[in-house]
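With the UniProt record's numbering applied, the sequence shown covers 1 to 212.
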Amino acid sequence: ATCGELAAAPAGAVRAAVGAVNGDKLRAFAAARDGRAWEEPAKVRSSIGAQSSWGVRFRARSCPVSACEEGCGCAHAFVRQLAEEVARRLGQAGMRCRGVGLKVWRAKEGWTSATAKGGMGHGACDNLSRSVALERPTASEADLAVIGLKLLQGLAIPHEALRGVGLQATRLEQGAGSAASLSTPWGDRAAPLPRAGRGGGGEGGGGRGVGR
């Protein structure tokens, strides 16, 4: 039967054929009436990250990665703090990632504090980014830190020129924790970095504080 035939059929006949509940439902659908509540589809997150580009100032030389201590204020310690935050957010979301990206704000040549908002903003900067696809998913703070540090080293930017840093977990999938660590936390073995990509540059950009 077509929708028109179903809508025109006696209600009793339809109920007798398929039952009262289904009969009323089918006749309502045939008449373009649907009383069911509309549910918005769940939004699928594509990435989880953390970044800061306000008040970011580092000394020219950072501690060796293996000797860096929490709270020392160097660029290496900052990347580790971002990794800790990203890992926390991944855990809250019950997600793991198969990709990691690093974004940095590099001060333009001739940068002065006068060009920075309030003297502590990032001012005129070039935005640079690097990313890597992982061989297996992870949500490990140690993995994220090692990969982030490797990407930072690959950019070869003087740390005193950094005005912001962001770390992002991409290619997300469901699953808490890490099945296996990609590398030792701060040893000599670096995390595998296959299929590395690079992002473009440009002026400005970035937000303040730590964001997603």
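All C-beta atoms in this analysis are idealised placements derived from N, C-alpha and C, irrespective of residue type, glycine included.
None of the values given here were measured: they were computed from a predicted structure.
query                                                                                                                                                                                   : result
For leucine 82, which residues of its own chain have a beta-carbon under 6 angstroms away from its beta-carbon, when the five flanking residues on both sides are left out?             : Ala50, Leu167
Taking 8 angstroms as the threshold (C-beta atoms), are arginine 15 and glycine 23 in contact?                                                                                          : yes
According to DSSP, what are the bridge partners of alanine 9?                                                                                                                           : Alanine 9 is not bridged to any residue.
Checking 8 angstroms against the spacing of the C-beta atoms, do valine 132 and valine 79 come in under that value?                                                                     : no
Give me the DSSP bridge partner(s) of glutamate 173.                                                                                                                                    : Arg96
Please report how far the alpha carbon of alanine 87 lies from the alpha carbon of alanine 9, in whole angstroms.                                                                       : 60 angstroms
Classify valine 104 as buried or exposed, calling it buried when 16 or more other Cβ atoms lie within 10 Å of its own Cβ.                                                               : buried
Tell me whether glycine 4 sits in a helix, a strand or coil according to DSSP, three-state version.                                                                                     : helix
Excluding the five sequence neighbours on either side, which residues of its own chain have a C-beta within less than 8 angstroms of the C-beta of glutamate 40, listed in chain order? : none
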